[in-house]
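Let me begin by presenting the structure, written as structure tokens, before commenting on it.
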Amino acid sequence: MKPPIFIIIMTTVISGTMMVLISSHWLLIWIGFEMNMLAIIPILMKKFNPRAMEASTKYFLTQATASMILMLGIIINLLYSGQWTMLHTPNPMASNMMTIALTMKLGLSPFHFWVPEVTQGISLSSGMILLTWQKIAPLSVLYQMAPSINPNLLMSMAIMSMLVAGWGGLNQTQLRKILAYSSIGHMGWMASITVYNPTLMHLNLVMYIMMTLGTFMLFMYNSSLTTLSLSFSWNKFPLTTLLILMLMLSLGGLPPLSGFIPKWMIIQELTKNNMIIIPTFMAITALLSLYFYMRLTYTTALTMFPSMNNMKMKWQFENTKKITLLPPLIIMSTMLLPMTPMMLILH
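Residue numbering for the sequence shown follows our numbering, starting at 107 and increasing by one per position.
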């Protein structure tokens, strides 16, 4: 894709999301979603092949359906309240419609089927945008309409998403699909706390975006797409392999790493709301996700490459890819746990 065209398309994607973030009028929010969706499709098809074409078509169809349901909810709300503002949606029917549309855009279960398929069909850089930037707009709308959301609907979707992410990722060897299931799981954690403490959803989103960006950048640096290609990388880039290991464990939410902060706070907040069974169940499903991250770290860092690198000269070409912003991303994705008390004060 030529740079001027790419810049124009990326500007449209960013301005679409910004429009959703700053609007309080339902029609403008809907237009922002549409701009964002139509501009992201050429980015998904950047490396043009039949697989990318199929992935983009699936993405377009699901997002268009979600937009249609969102517009239906907006119109029902308009008929009942006579206004376009999003500050309160008194009608439960409209609220449920909007929630379903937004969860469909996010890829929460039972509308999760498009996420692994689309992520697998596109390049790593497009996948990175799809699983990070594209989550911001729907979550911001959920954040703003949190008081009128039906908690039972959202919580049941969240728990289903965590289960789907745990079971779906177990048998995967494709890294993009693993990250897609990871995304479904994290969206489930965010959805579970939205009604009770929306600030924690923000914290979880920021942590998730940092960890996912770091992981995708390392995979792009390594040009790894499968666990097999990842297991070869330890012979060439031992340090990078170690960083992938740490980021994977952080994504899984292992205690000394940053990924544990949002899980800890969400479970604490739910227990404050007199829930015991649900957070226990969520912690158990987190173990499922942790298992497939552990499997990745095992194949990457703990299994020896078939032939040792005994040569004096390196026969591989040096990697010339730029790794801008990767060091701070990795530090923030792994070492923020000591700052938890400050985050508690902020929220």
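Ideal placement from N, C-alpha and C gives every residue a C-beta, glycine not left out.
The structure displayed is predicted, hence computed values, not measured ones.
Asked: Is it a yes or a no for the region 257-271 touching the region 226-240, going by three-plus beta-carbon pairs under 8 angstroms?; Found: no
Asked: Leucine 237 to phenylalanine 322, Cα distance in whole Å?; Found: 10 angstroms
Asked: Given a threshold of 16 other Cβ atoms within 10 Å of its Cβ, counted over all protein chains shown, does glycine 188 qualify as buried or as exposed?; Found: exposed
Asked: Which runs of the alpha helix (DSSP H), 4 residues or longer, sit entirely within the region 128-212?; Found: 132-150, 156-187, 198-212
Asked: Is the Cβ-Cβ distance between methionine 313 and proline 368 less than 8 angstroms?; Found: yes
Asked: Measuring only the C-alpha atoms, how far is methionine 263 from tyrosine 302?; Found: 15 angstroms
Asked: Do you know how far the Cα of alanine 407 is from the Cα of leucine 394?; Found: 20 angstroms
Asked: Can you check DSSP and say which residues form a bridge with threonine 332?; Found: Gln280
Asked: Does the separation of the CB atoms of leucine 457 and methionine 192 fall below 8 angstroms?; Found: No answer is possible for residue 457: it lies beyond the span of the chain, which begins at 107 and ends at 453.
Asked: Fully enclosed by the region 214-248, which alpha helix (DSSP H) runs are 4 residues long or longer?; Found: 220-227, 230-237
Asked: When you compare each of Leu311, Asn258, Leu281 to lysine 241 by their alpha carbons, which one comes out closest?; Found: Leu311
Asked: Which one of Thr163, Thr118, Ile206 has the shortest CA to CA distance from asparagine 142?; Found: Thr118
Asked: For the alpha helix (DSSP H) that tyrosine 404 lies in, which residues bound it at each end?; Found: First-last for tyrosine 404: undefined, no H or E at that position.
Asked: Can you tell me which of the three DSSP states phenylalanine 343 falls into?; Found: coil
Asked: If I follow the unbroken alpha helix (DSSP H) through leucine 432, where does it start and stop?; Found: 432-440
Asked: Roughly how many angstroms separate the alpha carbons of alanine 286 and methionine 234, rounded to a whole number?; Found: 10 angstroms
Asked: Excluding sequence positions up to five away, which residues of its chain have a Cβ less than 6 angstroms from the Cβ of methionine 210?; Found: Ala172, Phe217
Asked: How would you label proline 148, buried or exposed, when you count the other beta carbons within 10 angstroms and need 16 or more for buried?; Found: buried
Asked: What do you reckon, are the CB atoms on alanine 145 and isoleucine 181 nearer than 8 angstroms?; Found: no
Asked: What do you get for alanine 170, buried or exposed, if any count of 16 or more other CB atoms within 10 angstroms of its CB means buried?; Found: exposed
Asked: Going by beta carbon distance, what residues of the same chain come within less than 6 angstroms of glycine 291, once the five residues before and after it are set aside?; Found: Met268, Ala271, Ser395
Asked: Within the continuous alpha helix (DSSP H) that includes proline 516, where are the two ends?; Found: No answer is possible for residue 516: it lies beyond the span of the chain, which begins at 107 and ends at 453.
Asked: Is threonine 426 helix, strand or coil by DSSP?; Found: coil
Asked: State the start and end residues of the unbroken alpha helix (DSSP H) segment that holds lysine 369.; Found: 366-378
Asked: Mind reading off the beta-carbon distance from serine 162 to methionine 174? Whole number of angstroms is fine, and I expect it under 8 angstroms.; Found: The Cβ separation is near 18 angstroms, so there is no contact.
Asked: Could you tell me the boundaries of the alpha helix (DSSP H) in which valine 301 lies?; Found: Neither: valine 301 is in no alpha helix (DSSP H) and is coded neither H nor E.
Asked: Counting C-beta neighbours from all protein chains within 10 Å, is the total for isoleucine 373 16 or more, i.e. buried, or is it exposed?; Found: buried
Asked: By the 10 Å Cβ neighbour count, where 16 or more other Cβ atoms means buried, how is arginine 157 classified, buried or exposed?; Found: exposed
Asked: Alpha carbon to alpha carbon, how far is serine 130 from proline 253?; Found: 15 angstroms
Asked: Report, in whole angstroms, the separation of the C-beta atoms of leucine 357 and glycine 365, which I expect to be a contact under 8 angstroms.; Found: 6 angstroms
Asked: What are the start and end residues of the alpha helix (DSSP H) that includes isoleucine 265?; Found: 257-275
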